[in-house]
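Protein chains in written order, with our numbering: chain A, 1 to 229; chain B, 1001 to 1229.
One structure below.
Protein chains: 2
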Amino acid sequence: MARKSAAPQRRTDQLSRDTIVAAAIDLLDASGEDGLTFRALSERLSTGAGAIYWHIANKNELLTAACDALIARTLTMSATAATPEDTIRALALNLFDAIDAHPWVGSALARALGQMPMVRILESLGRPIRDLGVPARDQWTTVGALLNYILGVGGRNAANGQLARTQGLDRSDFLETVSAAWSGLDPVAFPFARGLAAQVRTHDDREDFLAGIDLILRGIAAPRPRRRG
Amino acid sequence: MARKSAAPQRRTDQLSRDTIVAAAIDLLDASGEDGLTFRALSERLSTGAGAIYWHIANKNELLTAACDALIARTLTMSATAATPEDTIRALALNLFDAIDAHPWVGSALARALGQMPMVRILESLGRPIRDLGVPARDQWTTVGALLNYILGVGGRNAANGQLARTQGLDRSDFLETVSAAWSGLDPVAFPFARGLAAQVRTHDDREDFLAGIDLILRGIAAPRPRRRG
DNA sequence: AATAGTATGGAACGACGTTCCATTAGGAGC
DNA sequence: GCTCCTAATGGAACGTCGTTCCATACTATT
């Protein structure tokens, strides 16, 4: 007896949130931010968009979940080091490497404001910050400063990855272009940027990131000026 | 004599890049990042998408141009203050206020890597950093740290604005939700975040931002440890 | 066997960025 | 004056996206 349409073949294994998140991470790693679409996801999981939406509210939630899975994996690697400073340094470097390897994490983090992935990072930074002797009333701003710095670097890294993918030029080509552009800036209006053009070509992102962390750590250690009132 | 189709009525005034950028800024301010579409832009300028594309390469370039116009306007307001520290503080606060008033600038900045708006900020930070006595070899990382911190805050602000617009809840509602969520976290796994839940509700973004700038300034002023090698 | 709730796969909708194209105004050369 | 050429315009059309909808099929529970 003929049905109205051919019956769609059903899967035997159940689809699950974790399966979907794992597939999303694969897609993001393979094709960048733009690679995560419900069509590509459907094909990869041999299903339809509707089935995915049964487990996931929307794309943003999926992106945050993928980001959280990766951040959680990254943070569990970070053990405590000899000093609180070294713990923070190691933690920050682990995050940098993770974001560098998966640039989409940078932009996903920025959109996951008070949610799990950020909370995890906050928590991991919290203990060493307390161990540094930062008084309770300063802990909020201190961890915030570190977090914002890391987010800033992460966001830049995400933009870098996105640019490289869409423009099709690799990192050194891009840096060469920027360096040349800065060299050609008006020397009266932009003397400082002109002077930095050479470093655009030769700098090392990872070293610079760590130098920034060290700078902030020095700021944390420095005595605070007396408050007003 | 009848033509194939009604002749489209032509404008007498010329469309220009500046006109388009100005209209884009209006749309972004009025309706957020998602408010800038070529359809809305076409309607506002009483033209078609094709005419806009004659002056602008693509949406990303338009967004960067809008961002640059606003950043340029913001930075020209910033005069030099009594001390280099105060100059940096004033500059950073001007940027914060601009991003706070126009949240889309935060995410536009992140995507405009080596381009004009970033160069402008870099340049404005460069002079006071030199005046602080930062040696030439450290200026790159120093200005980078400040820039990344500002970008991080900007990105968070952008996400905030986007969230508020799409979810339809205002800032205090959102903070209340986050604070409640953090209070409900597992006290064993997340003691630090739990302890910060109250501050989520009561903190002041602008003050915290300035506290972060001060922290970094203290780090800049602190003596650097001797290098290896 | 009947039913209710859970889960699936794919079609359809509306909106977006971008491309294409027919058309027009304005000036240069004659 | 007229013709050409180019800069510019306005809107239709294309392909893709996130999301919604719905007919269908499994799986317990009665």
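Note that CB positions come from ideal geometry on N, CA and C, so glycine has one too.
All of these numbers come straight from a predicted model, not from anything done at the bench.
Counted within 10 angstroms of its Cβ, other Cβ atoms place residue i as buried (16 or more) or exposed
i       : result
B:P1225 : exposed
B:A1158 : buried
A:K4    : Because the pLDDT at A:K4 is just 44, under 50, the model does not fix this residue reliably, and the value given afterwards should be weighed accordingly. Its Cβ having fewer than 16 others within 10 Å, A:K4 is exposed.
B:A1079 : exposed
A:P187  : exposed
B:Q1009 : exposed
B:E1176 : exposed
A:S46   : exposed
B:N1058 : exposed
B:Q1139 : buried
A:T166  : exposed
A:T202  : exposed
B:S1016 : exposed
A:Q162  : buried
A:G212  : buried
B:T1141 : buried
B:T1074 : buried
A:D214  : buried
B:W1182 : buried
A:R39   : exposed
B:A1023 : buried
B:G1050 : exposed
B:G1048 : exposed
B:G1152 : buried
B:G1133 : exposed
A:G229  : Because the pLDDT at A:G229 is just 43, under 50, the model does not fix this residue reliably, and the value given afterwards should be weighed accordingly. Looking at its Cβ environment, which holds fewer than 16 other Cβ atoms inside 10 Å, A:G229 is exposed.
Whole-number beta carbon distance between residue j and residue i, since they are thought to touch under 8 Å
i       : j       : result
A:I52   : A:L36   : A:I52 to A:L36, Cβ: 11 Å. No contact.
B:A1145 : B:I1216 : 6 Å
A:I25   : A:A69   : 7 Å
B:N1275 : B:P1103 : Outside the shown range of chain B, which is 1001 to 1229, sits residue 1275 of chain B, and nothing can be said about it.
A:A197  : B:V1119 : Going by Cβ atoms, the distance from A:A197 to B:V1119 rounds to 10 Å, so no, they are not a contact pair.
A:A108  : A:T64   : 6 Å
A:L93   : A:S124  : Not confirmed; about 13 Å, so no contact.
B:V1021 : B:L1062 : 7 Å
B:P1128 : B:C1067 : 23 Å between Cβ atoms; not a contact.
B:L1210 : B:I1150 : Incorrect: roughly 12 Å between the Cβ atoms, too far for contact.
A:G219  : B:R1218 : 4 Å
A:V143  : A:G126  : 6 Å
Contact test: residue i Cβ vs the ligand ADP heavy atom, cutoff 8 Å
i     : result
A:G48 : Here there are no bound small molecules, and the ligand ADP is not part of this structure.
What residues in the stretch 103-117 of chain A bring their beta carbon closer than 7 Å to a beta carbon of chain B? Answer in chain order: A110, R111, L113, G114.
May I ask you to list, following chain order, the residues of the stretch 1152-1164 of chain B that have a beta carbon less than 9 Å from some beta carbon of chain A? Sequence-ordered contacts of the stretch 1152-1164 of chain B with chain A read G1152, V1153, G1154, G1155, R1156, A1158, A1159, N1160, Q1162, L1163 [C-beta pairs closer than 9 Å].
At a CB distance below 7 Å, what residues from the stretch 1121-1134 of chain B approach chain A? Give them in sequence order. Of all residues in the stretch 1121-1134 of chain B, only L1122, E1123, G1126, R1127 place a beta-carbon less than 7 Å from a beta-carbon of chain A.
Would you call the stretch 1142-1156 of chain B and the stretch 81-99 of chain A touching, i.e. three or more CB-CB distances under 8 Å? As far as the Cβ criterion goes, the stretch 1142-1156 of chain B does not touch the stretch 81-99 of chain A, which means the pair count is below three.
Quick check: the stretch 1160-1177 of chain B against the stretch 1113-1128 of chain B, are there 3 or more CB pairs under 8 Å? With the rule of 3 Cβ pairs closer than 8 Å, the stretch 1160-1177 of chain B does not count as touching the stretch 1113-1128 of chain B.
Any C-beta of chain B within less than 9 Å: which residues of the stretch 198-209 of chain A qualify? Across the stretch 198-209 of chain A, CB contacts with chain B closer than 9 Å involve Q199, V200, H203, E207, D208, F209, in sequence order along the chain.
Against chain A, which members of the stretch 1011-1025 of chain B pass a CB distance test of less than 8 Å? Residues: none.
Report the residues of the stretch 67-93 of chain A with a CB closer than 9 Å to any CB of chain B, ordered along the chain. Across the stretch 67-93 of chain A, no CB contact with chain B closer than 9 Å is found for any residue.
Cβ-based contacts, 9 Å cut-off: residues of the stretch 1174-1192 of chain B near chain A: Listed in sequence order: F1174, L1175, T1177, V1178, S1179, A1181, W1182, L1185, A1189, F1190, P1191, F1192.
To be precise: take each residue of the stretch 43-64 of chain A, compare its Cβ to all Cβ atoms of chain B, and keep it if any distance is under 8 Å. Which residues remain? Within the stretch 43-64 of chain A, no residue qualifies.
Proximal residues, the stretch 1024-1038 of chain B versus chain A, C-beta separation under 7 Å: Answer set for the stretch 1024-1038 of chain B: empty.
Which residues of the stretch 1212-1225 of chain B have a Cβ closer than 9 Å to any Cβ of chain A? Give them in chain order. Within the stretch 1212-1225 of chain B, the residues whose Cβ lies closer than 9 Å to some Cβ of chain A are G1212, I1213, D1214, L1215, I1216, L1217, R1218, G1219, I1220, A1221, A1222, P1223, R1224, P1225, listed in chain order.
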